[in-house]
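In the UniProt record's numbering, the protein residues as written are 1 to 182.
We put the CB at the ideal spot given by N, CA and C, even for glycine.
Report on the structure given below.
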Amino acid sequence: MAENHKSKGDKKHKSSAHGEKKRKREHKEDVGHKSKSKKHKSDAAATLSQVLDVPDNISPFHLQTSSLFLPLAPVSQKKPLEGLCAEHLSPLILTYYPPLAGVLLSYHNPRLSEKPFGNDGTEEVLLQNIDEYAVSWAWVTAEFLLFKPEKGAWLEGYVNLANEGHVGIVCWNLFNASIERK
């Protein structure tokens, strides 16, 4: 009965005494395999930032002035600028929009004009009707804040998921990113 209640030290000693051999690691196997202590994690991060020479001035955010030729619904004839923004520009926020080649984060200073990139908001604008259609067409010019990440740019975020296949990251509390483990 006393045989069943041995300490862990006695059990380890007994297993190694019965001829079980443990594989010894060679020094070259230890290179790159550090323990998971906090000290080694910060050392690995510092080494990574020294190895990658990426300019700090690459930003994924771009401010772009663009003009879009948009239809104005008849219901918005009294307030055309507000109607165009509500119907066409605001629904594009946080979605990829191919004519702007990026994810639209916000827009400001929208203005109507008869020509692209025209009108500073002081002159009267005549909208264009085509054939018998009820909608009127106008150019809307605005400054758009776009998210256009480029290869080599650093993205800031925090890890929200980590498993054996990939790491999930939330960037700027707006975007989910997934990085495949290799």
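- Judged by DSSP in its simplified three-state form, A86 adopts helix.
- Setting aside the 5 residues that flank it on each side, W137 is surrounded in the same chain by F69, L70, P71, L72, L127, Q128, N129 and I130, each with a C-beta closer than 8 Å to its C-beta; the list follows chain order.
- The residue among V159, W172, V135 and T65 with its C-alpha nearest the C-alpha of S76 is V135.
- A direct Cα-Cα distance of roughly 43 Å separates E180 from E82.
- DSSP, read as helix, strand or coil, puts V159 in strand.
- With fewer than three CB-CB distances shorter than 8 Å, the stretch 91 to 99 does not count as touching the stretch 156 to 166.
- Looking at L146, N119 and P60, the one whose alpha-carbon comes closest to that of L89 is L146.
- In this structure, L84 sits near V140, with a CB-CB distance shorter than 7 Å.
- For G102, the enclosing beta strand (DSSP E) begins and ends at G102 to S113.
- Secondary-structure assignment with DSSP links T141 through a beta bridge to S67 and R111.
- Beyond the five residues adjoining it in sequence on each side, A101 comes within less than 6 Å, by CB distance, of no other residue in the same chain.
- Taking I58 as reference, the option from P74, E124, P149 and L112 with the minimal CA-CA separation is P149.
- Per DSSP, F117 is not a residue of any beta strand (DSSP E), being assigned neither H nor E.
- Annotation: G165 is outside any beta strand (DSSP E) and is labelled neither H nor E by DSSP.
- Burial check for F117: the Cβ neighbour count within 10 Å stays below 16, so the residue is exposed.
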